[in-house]
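Numbering (this note's numbering), first residue to last: 24 to 161.
To start, the structure under review is shown below, and the notes come after it.
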Ligand SMILES: [Zn+2]
């Protein structure tokens, strides 16, 4: 974490905005995989879907994410002619489906910890406290 000399809490500094953006970009990737696992999706549709959820991102952000997920083998794409124009549809690959399943577990665990009221989490938390790093244990 970068240290700042203003100790004030509510300042939406550039650094904190970037942090929020980085977190959102992770959410957006999970969101894309979630939809692409259900049906073929295309860029503009996904931009509108994300907007519906309160994420305003443009093509300049979304398309590199789609390309990145495809390059990583999580998505595959196909050009389809729609009303005289080529549209690129994306679906998850088998690897993408497996990744999504893994991410869903992580999201559930994360939500349980971050959103649940504290008292109940004691048993699970003490068992898992040491193992929460990003590396899988097996
Ligand atoms: Zn959605």
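All C-beta atoms in this analysis are idealised placements derived from N, C-alpha and C, irrespective of residue type, glycine included.
Sorry if obvious, but does the Cβ on residue 167 come closer than 8 Å to a heavy atom of ligand 1?
The requested residue 167 is not part of the displayed model; the chain covers only 24 to 161.
Should residue 127 be listed as close to ligand 1, given that the test is whether its C-beta is under 8 Å from any heavy atom?
No, the beta carbon of residue 127 sits no closer than 8 Å to any heavy atom of ligand 1.
Inspect the CB distances between the region 98-113 and the region 42-54 and report whether three or more fall short of 8 Å.
The region 98-113 vs the region 42-54: no contact.
Enumerate in chain order the residues of its own chain whose CB-to-CB distance from residue 63 is below 6 Å, with the five nearest sequence positions on each side excluded.
Closer than 6 Å at Cβ, skipping near neighbours: 112 and 114.
I'd like to check one pair, residue 84 with residue 126: are the Cβ atoms closer than 9 Å?
Cβ atoms of residue 126 and residue 84: not closer than 9 Å.
Mind checking which residues open and close the beta strand (DSSP E) that includes residue 100?
Note, residue 100: beta strand (DSSP E), 98-105.
Quick one: what does DSSP say residue 78 is sitting in, helix, strand or coil?
The answer is coil: DSSP assigns residue 78 none of H, G, I, E or B.
Would you call the CB atoms of residue 128 and residue 56 closer than 9 Å?
Cβ atoms of residue 128 and residue 56: not closer than 9 Å.
By how many angstroms is the C-alpha of residue 98 removed from the C-alpha of residue 70?
Cα to Cα, the separation comes out at about 17 Å.
With DSSP as the reference, identify every bridge partner of residue 112, one or two as the case may be.
Residue 112 pairs with 101.
For residue 96, does the count of other Cβ atoms within 10 angstroms reach 16, so buried, or fall short, so exposed?
Its Cβ having fewer than 16 others within 10 Å, residue 96 is exposed.
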